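In this note's numbering, the protein residues as written are 10 to 291.
Using N, Cα and C, we set each Cβ at its ideal position, and we do this for glycine too.
Predicted, not measured: the structure shown is a model, and the values here were computed from it.
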């Protein structure tokens, strides 16, 4: 069987264990070839106090043109950090050019966390990403991003102790276009909940893991990459989300034990074995 290919439209950060530096090894562990289309090269991810960034917008379309000329076909398209508004249009065009009836499109609408936009973004970017998610088969916002994309009040949603209101949030997102919505990082007491909603049959489920330590860089990117790899490999969504939750819990636990700076990300490399093989035993 040919190894599936995924076009990974994301940034490359030298420090922080996020974006392409996590997506490439995760997809490889799952038997999927990552084909990076880098949006920016950063010295370190933007959660550090300072960073250096080289914008790669001008290189994205020429890369895509070469791939088209060479007849490359992708089993999946995974979009993450987009550095400016022009990149959103380039990404939309890429999806239109390379999508086939068999191509999975996963959009991780990277915009913010903890109730706020990331400092590198503004409301114009938020509105533009809202248009982009129409092209996704599946989207993977965190709670902040889900609220931004639906003009919902993060403070209200983050105060809920019952999971029920979050289904409405997922349905609102599905109405924009994506068939599957996974909202990650919902704090519920001692747990973190990842909520999945499939608009095709109105099915829904929650996968929980223990809430451990601080907020770590790159956990959303890791979740999105695992979902992309698993879905391209035709694994059931619930099984994949359980894999992701188990890996994240174990990696965060080890990272807390090692007292690593949260900005440097989590020790996911030690748990890539959890992603190998077709089934997961918990």
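Check whether residue i and residue j have beta carbons under 8 Å apart
i	j	result
residue 20	residue 83	no
residue 214	residue 205	yes
residue 147	residue 188	yes
residue 186	residue 153	no
residue 43	residue 230	no
residue 52	residue 24	yes
residue 241	residue 85	yes
residue 178	residue 155	yes
residue 40	residue 226	no
residue 77	residue 106	yes
residue 279	residue 263	yes
residue 281	residue 34	yes
Residue i, buried or exposed, once every other Cβ within 10 Å from all chains shown has been counted against 16
i	result
residue 150	buried
residue 12	exposed
residue 68	exposed
residue 192	buried
residue 54	buried
residue 80	exposed
residue 14	buried
Distance between residue j and residue i (C-alpha atoms, nearest Å)
i	j	result
residue 74	residue 113	20 Å
residue 283	residue 258	12 Å
residue 10	residue 36	16 Å
residue 274	residue 190	25 Å
residue 212	residue 59	43 Å
residue 228	residue 27	8 Å
residue 134	residue 95	10 Å
residue 163	residue 181	15 Å
residue 115	residue 171	28 Å
residue 277	residue 247	20 Å
residue 194	residue 132	22 Å
residue 244	residue 111	15 Å
Secondary structure of residue i, DSSP reduced to three states
i	result
residue 212	strand
residue 17	strand
residue 128	coil
residue 27	coil
residue 168	helix
residue 12	coil
residue 242	coil
residue 73	helix
residue 80	coil
residue 115	strand
residue 187	coil
residue 41	coil
residue 48	strand
residue 201	strand
Residues of its chain near residue i, where Cβ-Cβ distance is below 6 Å and the 5 sequence neighbours each way are ignored
i	result
residue 139	158
residue 216	203, 250, 251, 254
residue 45	17, 29
residue 117	89, 149, 233
residue 239	249
residue 119	89, 90
residue 97	91, 137, 141
Sequence-distant residues of its chain with Cβ nearer than 7 Å to residue i (five each side left out)
i	result
residue 100	18, 88, 91, 141
residue 220	196, 199, 200, 201
residue 63	49, 50
residue 285	38
residue 222	261, 265
residue 22	28, 30, 51, 53, 54
Contact set for residue i: own chain, Cβ-Cβ below 8 Å, skip 5 residues either direction
i	result
residue 224	122, 123, 271
residue 71	none
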